[in-house]
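Participant:
Residue numbers (this note's numbering): 5 to 77.
1. Which of the three DSSP states, helix, strand or coil, is assigned to residue 13?
2. Cβ atoms of residue 72 and residue 61: under 8 Å apart, would you say?
3. Which one or two residues does DSSP pair with residue 59 in a beta bridge?
4. Output the boundary residues of the alpha helix (DSSP H) element that contains residue 26.
5. What do you get for residue 12, buried or exposed, if any count of 16 or more other CB atoms within 10 angstroms of its CB means buried?
6. Excluding sequence positions up to five away, which residues of its chain have a Cβ less than 8 Å from the Cβ of residue 9?
7. Who are the Cβ neighbours of residue 44 in its own chain at under 8 Å, not counting the five residues just before and after it?
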């Protein structure tokens, strides 16, 4: 199994999140287990595969969202 690649910029971002921090950390852990790269793009945790953006985690007032991007079309 490959070593998990946690991005310190995302650590810093998530330490400041007010809404849904535990849920966002759980989504992050699930994505990292999928062997994707973790970056901070557009001010949010973004996950890439083979250099293409595939997902972003974002917290809103009433919910946390895992947003998928159209990366392979």
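Even glycine gets a Cβ: it sits at the ideal position worked out from N, Cα and C. As the structure is a prediction and not an experimental result, all values here were calculated from the model.
Facilitator: If we stick to the structure as given:
1. If DSSP states are grouped into helix, strand and coil, residue 13 belongs with the helices.
2. No, these two residues do not count as a Cβ contact at 8 Å.
3. DSSP output for residue 59 lists 51 and 72 as bridge partner(s).
4. Unbroken alpha helix (DSSP H) run through residue 26: 25-36.
5. Label assigned to residue 12: exposed.
6. The residues are 36, 41 and 42.
7. 11, 13, 14, 17 and 50.
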